[in-house]
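Every letter in the sequence shown is one number past the one before it in the working numbering, and letter 8, counting from 1, is 79. Here the structure comes first, spelled out in structure tokens, and everything after it is commentary.
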Amino acid sequence: MSLENRLGHFAFRWGNWLLYSPTLVLLASVLLAYWAVQYAGNHLTVNTDTAELIAPDAPFQQNRRKFEQQFGQEGHTLLLVIESSSPELTKAAARRLSRELRADTEHFTKVYRPDENEFFQRNGLLYLDADKLQDFSITLAQAQPFIGRISQDPSLNGFFSIFEDALNAETKTEEVPIDLMSLIDKVSDSLHKTLNGETDLLSWQKLIAENKISEEQSDKAFIFVTPKFDFSQILPVEPAINVIRHAANKIQDPNMPAVKVWITGEVGLEHDEMAGMSEGTFTASIFSVILVCGILLVAYRSWLLMLATLLTLALGMVFCGLFASVAVKQLNLISVAFAVSNIGLGVEYAIHFCLRYRDNLDLHGSDKSKAIRSALLATSPSLILCASTTSIGLYAFIPTDYQGISELGLLAGTSLFICLFVTLTVLPVLLKVLPNPPYHNLHGEQPGASKLSLALAHFTLHYAKPISFLTLVGAVVAIYFVFQVKTDFNPLNLRDPHTESVIAFKELMKERDTSPMTLTVLVKSETEAKAMQSKLAALPTVDKTVSLFDFVPADQEEKLGVIDDMALALGPQSQSFPQLKSGVDPLPAITRMIAAIDANLPKKTKPADIQSLTRFKHELLDVQLELEARMQPDRGVFIEKIQTSLLGTLPTVMNELLTGFHAAEIVPESIPDEIRERWLSKDGLYRIQIFPKQDLNDLSNLQRFIVDVQAVAPDATDLPVMYWESMKAVIGAFQEAIIIALVAIALLLMFIRRSVVDTLLVMAPLVLAGLFTMATTVFTGTPINFANIIALPLLMGLGVDNGIHMVEKLHHSLSEEQNIYQSSTARGMFYGALTTISSFVGLAFSPHQGISSMGLVITIGIFWIMTCTFIVLPAISKLVLKKADRAA
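In structure tokens:
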């Protein structure tokens, strides 16, 4: 007895047993499902930690673990980027925010702010280049008269009197730290904003330094926060991030410009990604369920059959969850996709069975039992064969070094048999107890027949040779384009570009000094570290390297001399700077200032100077009008607001500068432990951080940076290497698994069907659809990435299933007069593909770029599978099977 006959005999006996006691079977199914839900709910968890999903034992993972073991404070942190309209306000906000977060030990284990260390505050000037420090010394000497006068009268009166004297004097730079007209313009801008109800803060750090300290003044501050993770939740750091957002709102001062706190870093990016995926997937799922229900109603023309299909699918998912709780116990972010695979393929089994049952009812009238038995006999062998071949394709991913895909292969492959078992057990019983669907074949028409299907059936078989030739040409062209397929190993490009973590991360990557996409090398000795730094610094893609030795500045003796000269130039003001005076009426000084402008305007010849003074006078007149019109205490509040906007940052800036005058010579032993432990581990390993020269938002720049550094330091690690090596490992795993799957499926088909021709015909749609799908990604500009590559197992399963069904049908329907698309098999394939597309098409519109690309690739792949199955395969079969039959 052949295998197919054995399966048919077993299906007949199985159907008799089911239909003998349907109520008992349903009751047993419900009780088992209830127990399965309870068990899975208590034992199945979700682990959202992605660190060990890909090649956990690969060298690049070992290097990463070694780095995290030696410098644990660098890993699994949130990066908070604080910015505002002035560096002074940014620092103050960062100071308050870090204090708030340190007080919350429930959600955070460590809070680190690089710029708050007393060591840097005292010795910061020593880290400037000698030339820049000398330039700053000259600028400070020029500003000394201004600093001296304003320190004697730190109020609006003293400030405006300096302007008055500077304007009347012949040598203006003796009274103000920068060009007078430039300062007047900045003061006018600040007054205008304050008068119009806005908040502003003039930055004296920028005014006094005026680009002498750094080429680009940064208004950003950084806080590294180590949150507590709960990996049993989909969003493991959501509570910590909510606390940060609350603290960021708490530090906002309504009398000051707004402070923006960006939450980014590796952990922040993963959080926003998961939040976006959850929200987008939920919306797409609702849309997909509605669409699937609509398709099932069109296919069945019966809401009862639709209900039976959905109940069967739900039961199948429950028992698949039970298997997952026993087999892996924890689902990761990749293996959780087995549920999607089950929906796509599981519902197809039910569709094939229900359509065959519906056709049998039309043939046998109201004999429900006979229709169910006939459906079991007709569909069981092919469905079992489909599940077997597809599961082999999925099981091929188990030996790969990609844990997420390995577990996905195990769960999805086994779940196919679970869904098939539920379909062949529960669905017949449900159909037995549910009322008969209404007849839809009242006029002797074949179910599903239409003019379009008749024309398509005639076309594919009548023009078999041209279709086969064009397919061959298309396959050759597709092979060429397959080699043009691009891969994108940067997960940043998969995420929603509009989330704050991605926006902030990309902005940081644009600057050399702030790019978080740096590389790290660990070495064992001081000599090796210095030699490695020298080699790395010579690379064309490296901007600079930083190690512990860079915290001992060069030319310290010369710099300390310059710092002493600056202290002497400031004189008594080098000790401390007084706080601003409050309660002083600035109206007399403003009146004198307006008079000074009127006296000097006729003497000016430069249009820019005339415009600056005219505007300044206009703003001062408006301030004068406001002061005269307001009554106490509102008048005092208004004066304080203006004084704060113009002079509020001056005491802080000056006192920070004066602290820098106490710098002392730095030796390696004087570097604080809090800094040292970030560059020298307890085991004596030195850390070298490597900064890129180019903007790493460009993928080619990122790849060149990695390749150049690894040529010198093969063990280099950190985010760029993790991204690049992970993608290489994923692609390698899929290439290995796909080859194994194709060979195994072909061997199983050969064993079962005992025909080389049948095996090649079944495999043809799968191979052709794969080629055309990959070629299409080139035209759509969709690179292969971490997300859409997961679509390949599902497409492989669907392709094999359809090939088996169609070849089986074509053995009996190769006449041009026959409509091969009118059968329940063909309609089951068509509606099954539609439901699968419906499960994913909503994802193509997700804001998450990776999910969107996965939805797009699956939709494209199913289109090509159906094209190759419904058009190409019949044409090839017409030529091949006819010759095979003649030879037989």
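All residues carry an ideal CB built from backbone N, CA and C; glycine is no exception. The model shown is predicted, which means the values in this text are computed figures rather than measured ones.
At what residues does the alpha helix (DSSP H) containing residue i begin and finish?
i, result
"Lys601", "Glu597 to Ala608"
"Tyr960", "No statement about residue 960 is possible, as the shown extent of the chain runs from 72 to 959 and does not include it."
"Phe230", "Leu227 to Asn239"
"Ala201", "Ala201 to Gln223"
"Thr496", "Gln474 to Val504"
"Met327", "No alpha helix (DSSP H) contains Met327, which DSSP labels as neither H nor E."
"Ile661", "Leu658 to Asn671"
"Ala638", "Gln627 to Leu641"
"Asn194", "Glu189 to Asn194"
"Phe552", "Ala535 to Val553"
"Pro678", "Pro678 to Ala700"
"Gln781", "Leu770 to Val783"
Taking buried to mean at least 16 other C-beta atoms within 10 Å of its own C-beta, is residue i buried or exposed?
i, result
"Pro499", "buried"
"Leu513", "Because the pLDDT of Leu513 is 39, which lies under 50, any placement of that residue in the model is unreliable, and the number read from its coordinates should be weighed accordingly. It counts as exposed."
"Ser572", "buried"
"Gln806", "exposed"
"Gln109", "exposed"
"Thr450", "buried"
"Gln140", "exposed"
"Ala958", "Its pLDDT being 47, under 50, Ala958 is placed unreliably in this model, and the coordinates cannot settle the point."
"Tyr420", "buried"
"Phe554", "exposed"
"Tyr428", "buried"
"Arg583", "exposed"
"Gln682", "exposed"
"Asn113", "exposed"
"Glu745", "exposed"
"His533", "exposed"
"Ala311", "buried"
"Tyr91", "exposed"
"His569", "exposed"
"Tyr551", "exposed"
"Arg825", "exposed"
"Pro127", "exposed"
"Trp333", "buried"
Which stretch, first to last residue, makes up the beta strand (DSSP E) that contains residue i?
i, result
"Ala292", "Lys291 to Pro298"
"Glu154", "Leu149 to Glu154"
"Gln56", "The structure shown does not extend to residue 56, since the chain is modelled only from 72 through 959, so no value can be given for it."
"Pro331", "As written in the sequence, residue 331 is Lys, which differs from the Pro given in the question. Counting along the chain, the beta strand (DSSP E) containing Lys331 begins and ends at Lys331 to Thr335."
Specify the secondary structure class of residue i as computed by DSSP and reduced to three states.
i, result
"Arg749", "coil"
"Thr853", "coil"
"Thr558", "strand"
"Asp433", "helix"
"Val592", "strand"
"Val613", "strand"
"Ile710", "helix"
"Gln401", "strand"
"Thr116", "strand"
"Thr570", "coil"
"Thr930", "helix"
"Thr788", "strand"
"Ile737", "coil"
"Ile284", "The predicted position of Ile284 is uncertain, since its pLDDT is 45 and thus under 50; no value can be drawn from it."
"Ile742", "coil"
How big is the Cα-Cα spacing for residue i and residue j?
i, j, result
"Ala670", "Gln650", "33 Å"
"His423", "Leu454", "9 Å"
"Gln132", "Met793", "8 Å"
"Ala214", "Asp271", "23 Å"
"Ile875", "Leu831", "11 Å"
"Leu729", "Gln714", "22 Å"
"Lys441", "Leu362", "32 Å"
"Leu238", "Met252", "10 Å"
"Tyr466", "Gly387", "19 Å"
"Val633", "Asp614", "28 Å"
"Gln627", "Phe648", "26 Å"
Can a CB atom of chain B be found closer than 9 Å to the CB of residue i?
i, result
"Ser253", "In the structure shown, chain B does not exist; there is a single protein chain."
Query - alpha helix (DSSP H) runs contained entirely in the region 247-279, provided each spans 4 or more residues - result: 251-266
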